[in-house]
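A short write-up of the structure that comes next.
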Amino acid sequence: MSQKNNNEARKKETIGIDQYIQTAPNVQLYVKDYGEGKPVILIHGWPLSNEMWEYQMEALIQNNFRVIAYDRRGFGKSSQPWDGYDYDTLADDLKAIIEYLNLENVALVGFSMGGGEVVRYFSRHGGKGITKAVLIASITPFQLQTDSNPNGVPQEKYDVMASQIKEDRISFLDNFGKTFFGVSFISKPISSALLHYYRMLCSFASPQATLACAKSFSSTDFRNEMKTVTVPTLIIHGDEDKTVPIEITSEIAAKLIPDNTFLIYEGAPHGLFYIEKERLNADLIQFLNT
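Using the numbering used here, the letters of the sequence shown map in sequence onto residues 8 to 297.
Below you can see the structure in the form of structure tokens.
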């Protein structure tokens, strides 16, 4: 059988299944591949897994998109190596998935930490095969406070977070989730049952991956890479995001990416994929169909 026929056979086999794809020696990533149409890759946030996209996957598939969602190494059902949580390696994992599935004309959608993989894929791999990009509540371009980024988050805050994860990771996740979804004494935008479900998903992550990825997304400087994202890009962020503040991330990203549409969700917290799911789905589908 020719290479072309092999590729076509593999493409047909991968539509509508979940599978493991080896992206590096001894590293296999869990990948869902559902639907038919233009491919959309969903990259989850920290410290969740592909299940966070539950409400987006159904909407996209019903609107004739092929949806690929995977668990980042160290998270969900994927392999949990001790190292390899820098953005170069994570972008290489993404490249391996795209190549294995023979994907072309792809839309990349990155949430929070996943936005970094989108940007690094462009700067490191030239954005090969990508025609659109979406950054949702993304950590890009740079979060850490430095002399050249005085409005960033102080290192001490991340040090405290790391200490809390090491001391009692599940308790940290419990408190983190409430801020993530904008839960307070007067605001209950998510049920207790669903909040506990998302905490459970986060708990499946490797403790080492949880810490190493927190270091990566807090300290990686993408400012000089943003211009490499040359495809039409949709940027979405809530202006009440206390987890990834819009002022030091998407507001700046919108000035650095050449061709972008910037949507601000007034009053929205970080967890847009659930709290603003109807609006998010509509905006995604409209952008992808444009």
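Beta carbons: idealized from backbone N, C-alpha and C, even for Gly.
- With a cutoff of 8 Å on beta-carbon distance, A216 and Q87 are scored as near each other.
- Counting only the Cα atoms, F118 lies some 18 Å from F72.
- The beta-carbon distance between Y281 and Y62, rounded to whole angstroms, is 7 Å. This is short enough to meet the 8 Å contact definition.
- Counting along the chain, Y204 sits inside the alpha helix (DSSP H) bounded by residues S199 to S210.
- K39 has D25 and A76 as its beta-bridge partners, per DSSP.
- Between V126 and F229, the C-beta spacing is below 8 Å.
- Using a Cβ distance threshold of 8 Å, Q150 and S225 count as a contacting pair.
- Around the beta carbon of I177, fewer than 16 other beta carbons lie within 10 angstroms, which makes this residue exposed.
- For the pair L241 and A144, the CB atoms are not nearer than the 8 Å cut-off.
- Positions of the beta strand (DSSP E) runs, each at least 3 residues long and wholly inside the stretch 57 to 133, are given as 72 to 77 and 113 to 118 in order along the chain.
- In the three-state scheme derived from DSSP, where H, G and I count as helix and E and B as strand, L142 is classed as strand.
- For E283, the closest of A219, I24, W60 and P46 by C-alpha to C-alpha distance is W60.
- In this structure, the alpha-carbon of D154 lies about 43 Å from that of L108.
- Pairing G245 with N33, the inter-Cα distance amounts to about 38 Å.
- The residue among S213, A76 and V141 with its C-alpha nearest the C-alpha of W89 is S213.
- Comparing alpha carbon positions, the residue from A98, A114 and V113 closest to G123 is A98.
- Of the candidates F187, G121 and V141, V141 places its Cα closest to the Cα of F294.
- Remark: C-beta atoms of N57 and G81 do not approach each other more closely than 8 Å.
- In the three-state scheme derived from DSSP, where H, G and I count as helix and E and B as strand, A31 is classed as strand.
- In this chain, the alpha helix (DSSP H) harbouring P214 covers P214 to S226.
- Unbroken beta strand (DSSP E) runs of no fewer than 3 residues, entirely contained in the stretch 244 to 285, are found at 267 to 272, following chain order.
- Residue pairing for V160: DSSP places it in a beta bridge opposite L151.
- In this chain, the alpha helix (DSSP H) harbouring I177 covers R176 to F187.
- Excluding residues up to 5 positions away in sequence, G189, G274, A275 and P276 lie with their Cβ nearer than 7 Å to the Cβ of E247 in the same chain.
- The Cβ neighbour count for L67, taken over all protein chains shown within 10 Å, is at least 16; the residue is labelled buried.
- Taking each of L115, D290 and L55 in turn and checking the Cα distance to T237, the smallest one comes out for L115.
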